[in-house]
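Accompanying notes for the structure given below.
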Amino acid sequence: MPPSRLSVDGFSASAGDLSCTSMFVALGKETWRFRIIQQVYFWEGVLGRSAHVNICVTKEMKADLLTRWKITNVVTLYDKAPSWNFKELSVEDKHVFFEKLCRLNEFKLFRAEGELPTDEKEILETAVEVTRFSYRDDRGVAHLRESRPLILLSSTSWTEDEDFGILLDALKSVEYVAQISSTTISSPANRLPHLIVVITGKGPQKAMYLDRIDRLKFRHVHIVTPWLEAEDYPKMLAAANLGVSLHTSTSGLDLPMKVVDMFGCKLPVLAKSFAAIHELVVEKDNEPGAYQQASPNGRLFNTPAELKAHILDLITGFPSHAQKLSDLRQNLRRDALLTWEAHWDAVFWPIMQSYGVEPDLTLFSGSGDRLN
149 MPPSRLSVDG FSASAGDLSC TSMFVALGKE TWRFRIIQQV YFWEGVLGRS
199 AHVNICVTKE MKADLLTRWK ITNVVTLYDK APSWNFKELS VEDKHVFFEK
249 LCRLNEFKLF RAEGELPTDE KEILETAVEV TRFSYRDDRG VAHLRESRPL
299 ILLSSTSWTE DEDFGILLDA LKSVEYVAQI SSTTISSPAN RLPHLIVVIT
349 GKGPQKAMYL DRIDRLKFRH VHIVTPWLEA EDYPKMLAAA NLGVSLHTST
399 SGLDLPMKVV DMFGCKLPVL AKSFAAIHEL VVEKDNEPGA YQQASPNGRL
449 FNTPAELKAH ILDLITGFPS HAQKLSDLRQ NLRRDALLTW EAHWDAVFWP
499 IMQSYGVEPD LTLFSGSGDR LN
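So for the sequence shown, this note's numbering puts the first residue at 149; every next one is plus one.
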C-alpha cells in the first residue's frame, strides 16, 4: 500500500463549529483556552487540506469543510445502525419481549387488561400467554392482537438541547382529539388507537417533565419513562410502531444516531427539522437533498401542531387500516443501503481499494460491539 493520509472529519467539523464558536463566546478572547482552541481550529484545516481523503458524515458537513477550511477532497460516509443489533423482530420475538417487559413494574401498562375486549375474548381466554399487544395460542403460536395500542417511542437526553415540551404539547392535542373520537361511532379505518408513549433516557430535566406528566389526566394517551438495559433498547425500537426524534444538532451538520437506530429497526420516524436532517428523513418521493433513500421514511416538524397533525395522520386506523404508516415501514425495508455493512462496502471500501487496501472480512462477523 502506498503512503496515504486519511482524515475523519465527522468530529472535526462539529468540533470546529461548537468549540470555536460557542466556546469562544463562553470563554472570552483573552483566555489561554481560547488561544488553544484557535490553534486546534487552525490545524484541523491544515491537516484536512493535506489529507488524500477526508471522511465526513453528512453533505452539509462536506459543504462546511469547503467553506470553513477550503477542504475539497471529502467523501460522505453516513452513520448506519449495525444490522446484527438493530433489526426487525418476528412476531414470536416481539411476544417474548413483551412478556419480559410485563414482569417489570415500569411496564405495567404492557400487561393484559383485566376485562378483555368482546371481539377478542374467546381467542384470548384459550391463549396460554396474553399481553396488551400479543398472545400465544394453545398451539404455541404467537400472534399480535388486533386491539393492541400503538407504541410511540422517543429517546431523549432530557436536556435543553431536546425540547420535550413539543412532544408533550402535541400529545395533549392528540388526547383531546381521541376523547372526541371515542364518543362517536366510526369505522375501523377512521378510529384512533390507544397510544402508549415510551420515552427512554436519563437527564437533568426528567424530574421536571415527569411532574408535568403526572398532572395530566390522559385517558387515551399513556406515557411511560423507563430506563432500558442496553440489550433491550434495540428490541424496544423494533417493537414500536412510530418513533419521534426531538434532537436538533447544535452545529446543524450531523445527524441524530437515535434516528439511524430507529431506521435500522425499520421504524418510521417523526423528526424535529434542522439543516442536515433532510439527508436522513425523507418526506416525499425523490426529494432533493435526500441522499440516502429515494422513498419516504418519515415526517418532519417544527411545532407541536405539526407533530400532532403527523401523529394523527399516521396512526388513524391502526393496526389494520393505517396504510400511510405501513407504507413508510415498507419503504425502509426496501432501502438497499440501509445497513452499516452495505453502506461501508458501497462507499468506503472502493476508496480504500484505490490505495491497495483489501477488506478484512473478519470485521463483519456480526459478533462485535457497535462500531459507530
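Here a beta-carbon is modelled for each residue, glycine too, at the ideal position from N, C-alpha and C.
Tell me, please, which residues DSSP counts as bridged to residue i.
i: Phe449; result: Lys420
i: Asn389; result: Answer is none; Asn389 lacks a bridge partner.
i: Leu292; result: Ser282
i: Ser303; result: Thr348
i: Val223; result: Ile203
i: His395; result: Glu310
i: Arg481; result: For Arg481, which the question treats as bridged, DSSP gives no partner whatsoever.
i: Leu460; result: BP columns for Leu460 are empty, so no partner.
i: Ser251; result: At residue 251 the sequence reads Arg, which differs from the Ser that was named. BP columns for Arg251 are empty, so no partner.
i: Thr214; result: Note on identity: in this sequence residue 214 is Leu, with Thr being the wrong assignment. Paired residues: none, contrary to the question.
i: Leu343; result: Leu298, Val369
i: Arg363; result: In the DSSP output, where bridge partners are listed per residue, Arg363 has none listed.
i: Arg259; result: Thr279
Would you give the residue range spanned by the alpha helix (DSSP H) that residue i belongs to?
i: Arg197; result: 180-198
i: Val408; result: 405-412
i: Glu273; result: 266-273
i: Gln501; result: 497-501
Given that a residue counts as buried once 16 or more other Cβ atoms are within 10 Å of its Cβ, and exposed if not, what is residue i?
i: Lys432; result: exposed
i: Tyr503; result: exposed
i: Ala470; result: buried
i: Thr147; result: Given a span of 149 to 520 for the chain in the structure shown, any question on residue 147 remains unanswerable.
i: Thr464; result: buried
i: Ala275; result: buried
i: Asp309; result: exposed
i: Ile347; result: buried
i: Lys242; result: buried
i: Glu192; result: buried
i: Gly196; result: buried
i: Leu364; result: exposed
i: Ala355; result: exposed
i: Glu506; result: exposed
i: Phe312; result: buried
i: Val173; result: With a pLDDT of only 49 at Val173, under the threshold of 50, the placement of this residue in the model should not be trusted, and no figure is reported.
i: Phe190; result: exposed
i: Asn338; result: exposed
i: Asn450; result: exposed
With a threshold of 7 Å on Cβ separation, who are the neighbours of residue i within its own chain once the five nearest residues in sequence on each side are excluded?
i: Lys210; result: Cys204, Val222, Thr224
i: Phe422; result: Thr396, Ser397, Gly400
i: Leu272; result: Leu264, Val278, Tyr283
i: Ser231; result: Gly412, Thr487, Trp488, Glu489
i: Gly349; result: Ser303, Thr304, Ser305, Trp306
i: Tyr226; result: Val205, Gln440, His491
i: His291; result: Val239, Ser282, Tyr283, Asp285
i: Glu323; result: Phe366, His368, Val369
i: Pro404; result: Ser393, His395
i: Thr120; result: The structure shown does not extend to residue 120, since the chain is modelled only from 149 to 520, so the question has no answer here.
i: Asn434; result: Ala442
i: Ala260; result: Val278, Thr279, Arg280
Looking at residue i: is its Cβ nearer than 9 Å to the Cβ of residue j?
i: Thr279; j: Phe246; result: yes
i: Ala326; j: Thr487; result: no
i: Pro341; j: Arg293; result: no
i: Leu418; j: Leu390; result: yes
i: Val429; j: Leu448; result: yes
i: Pro374; j: Leu252; result: yes
i: Lys420; j: Ile314; result: yes
i: Ser443; j: Asp493; result: no
i: Val408; j: Gly446; result: no
i: Leu316; j: Tyr357; result: yes
i: Pro336; j: Ser468; result: yes
i: Pro452; j: Ser334; result: no
i: Glu208; j: Ala424; result: yes
i: Ile499; j: Val289; result: no
i: Asp380; j: Lys248; result: yes
i: Glu270; j: Arg481; result: no
Which same chain residues, not among the five before or five after residue i, have their C-beta less than 6 Å away from its C-beta?
i: Leu319; result: Val369
i: Ala388; result: Ile299, Leu301, Leu415
i: Gly437; result: His426
i: Ile371; result: Val345, Ile361
On the DSSP letters alone, give me the boundaries of the beta strand (DSSP E) that residue i sits inside.
i: His491; result: Segment 488-491 is the alpha helix (DSSP H) holding His491; no beta strand (DSSP E) there.
i: His370; result: 369-372
Is residue i a contact residue of the ligand FMN, with contact defined as CB to any heavy atom under 8 Å?
i: Leu394; result: What this structure holds is no ligand at all, so the ligand FMN is not there to describe.
Could you name the residues of the same chain whose beta carbon sits closer than 8 Å to that of residue i, not counting the 5 residues immediately before and after it, in chain order?
i: Leu473; result: Asn389, Leu390, Pro416, Leu462, Ile463, Phe466
i: Gln353; result: Trp306, Thr307, Glu308, Phe312
i: Asp475; result: Pro444
i: Thr332; result: none
Counting contacts by CB-CB distance shorter than 9 Å, is residue i in contact with chain D?
i: Leu319; result: Any reference to chain D falls outside this structure, which holds one protein chain only.
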